[in-house]
DNA sequence: TTTAATAGTTCGGGAATATTGAACTATCCA
DNA sequence: TGGATAGTTCAATATTCCCGAACTATTAAA
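Protein chains in written order, with the working numbering: chain A, 4 to 106; chain B, 4 to 106.
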């Protein structure tokens with residue numbers, strides 16, 4: 004279990020951020036995180052049965068986009084949105100995307 | 004030259020829209036269209052030398068996302084943003100994305 | 001009317017990405 | 001200690017993307 008990479012948002016470009024948001028599974032994960040706050044990895048998963056390795060990859064994409072921060076807590080990996088940092092870098096973007104999401 | 008497909012925006016999902024926006028070249032194209040109005044295909048192209056076939060593909064993606072409408076005019080293909088329709092489907096999204104774009 | 005030039009599309013194959021099963025690490029608990 | 005749980009990493013497969021080459025359609029020139 005190596006440490007996770009949480010980039011400074013100055014280094015995140017808009018295309019990377021949009022790409023991270025442009026996936027139904029990741030959108031569902033982010034919506035759930037926005038709703039609930041912090042969640043462990045598998046609880047963030049939507050209804051469909053997503054393999055663990057795929058889910059792990061989705062988290063990596065979300066972290067690389069500066070959307071999510073993950074910390075180890077016991078054997079769980081707890082993730083939460085980097086709301087303020089992301090908002091500071093891309094004002095209004097997350098809120099607009101979430102508002103336009105249809106379940 | 005077949006006719007272009009311009010979907011009803013009701014059929015366009017948020018991930019498709021975000022995916023279309025999540026590319027530097029397409030973002031530049033859209034920014035230029037937003038600025039100038041209507042443009043032919045090659046004039047929409049950014050500075051870098053993008054191959055014609057690639058550019059053509061980018062337009063197909065933009066059309067599929069409901070962002071752009073293309074009509075044939077002589078031997079040119081004139082494209083313009085579907086501003087109102089896109090805004091009605093995804094309120095605030097295009098404006099927020101364009102506002103967050105750094106040249 | 002050919003012939004050439006322009007503007008872009010379509011097709012196909014190689015390059016780049018994404019997905020996922022299997023093996024692994026780390027932690028907790030009995 | 002051993003087993004169960006939580007998730008990562010790796011490597012192979014599947015999918016998507018990019019771009020050259022060939023094509024269509026229109027305009028212009030010879």
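From the three backbone atoms N, C-alpha and C, an ideal C-beta is built for every residue, glycine too.
Keep in mind that this is a model prediction, so the values were computed, not measured.
{"query": "Segment contact flag, the stretch 76 to 96 of chain B with the stretch 23 to 37 of chain B, C-beta cutoff 8 Å, min 3 pairs", "result": "yes"}
{"query": "C-beta atoms of residue 36 of chain B and residue 101 of chain B nearer than 7 Å", "result": "no"}
{"query": "Close beta carbons around residue 106 of chain A, own chain, < 6 Å, minus the five adjacent residues each side", "result": "none"}
{"query": "Proximity test, Cβ basis, 7 Å: residue 54 of chain A and chain B", "result": "no"}
{"query": "Contact check, residue 104 of chain B vs residue 30 of chain B, beta carbons under 7 Å", "result": "yes"}
{"query": "Beta carbon proximity, residue 69 of chain B to chain A, threshold 7 Å", "result": "no"}
{"query": "Residue 73 of chain B classed as buried or exposed, judged by whether at least 16 other C-beta atoms fall within 10 angstroms", "result": "buried"}
{"query": "Closer than 7 Å to chain B by CB, residue 9 of chain A", "result": "no"}
{"query": "Proximal residues, the stretch 13 to 35 of chain B versus chain A, C-beta separation under 7 Å", "result": "17, 18, 21, 22, 24, 25, 26, 27, 30"}
{"query": "Terminal residues of the alpha helix (DSSP H) in which residue 46 of chain B lies", "result": "44 to 47"}
{"query": "Neighbour-count burial assignment, residue 75 of chain A, 16 or more Cβ in a 10 Å radius", "result": "exposed"}
{"query": "Min CB distance residue 93 of chain A to chain B below 7 Å", "result": "yes"}
{"query": "CB contact below 7 Å: residue 99 of chain B versus chain A", "result": "yes"}
{"query": "7 Å Cβ cutoff, residue 115 of chain B in contact with chain A", "result": "Residue numbering for chain B in the displayed model covers 4 to 106; residue 115 of chain B lies beyond these limits and cannot be assessed."}
{"query": "Stretch pair the stretch 41 to 58 of chain A + the stretch 50 to 58 of chain B: three plus CB contacts closer than 8 Å", "result": "no"}
{"query": "Cβ shell of residue 4 of chain A (< 7 Å), same chain only, five flanking positions each side left out", "result": "Residue placement at residue 4 of chain A cannot be trusted, given a pLDDT of 44 that sits under 50; what the coordinates show is reported in the next sentence. Same-chain partners within the cutoff: 75."}
{"query": "Backbone CA spacing between residue 90 of chain B and residue 38 of chain A [nearest angstrom]", "result": "25 Å"}
{"query": "Coarse secondary structure for residue 57 of chain A, derived from DSSP in three states", "result": "helix"}
{"query": "Contacts that residue 96 of chain B makes with chain A (C-beta to C-beta distance below 8 Å)", "result": "99, 100, 103"}
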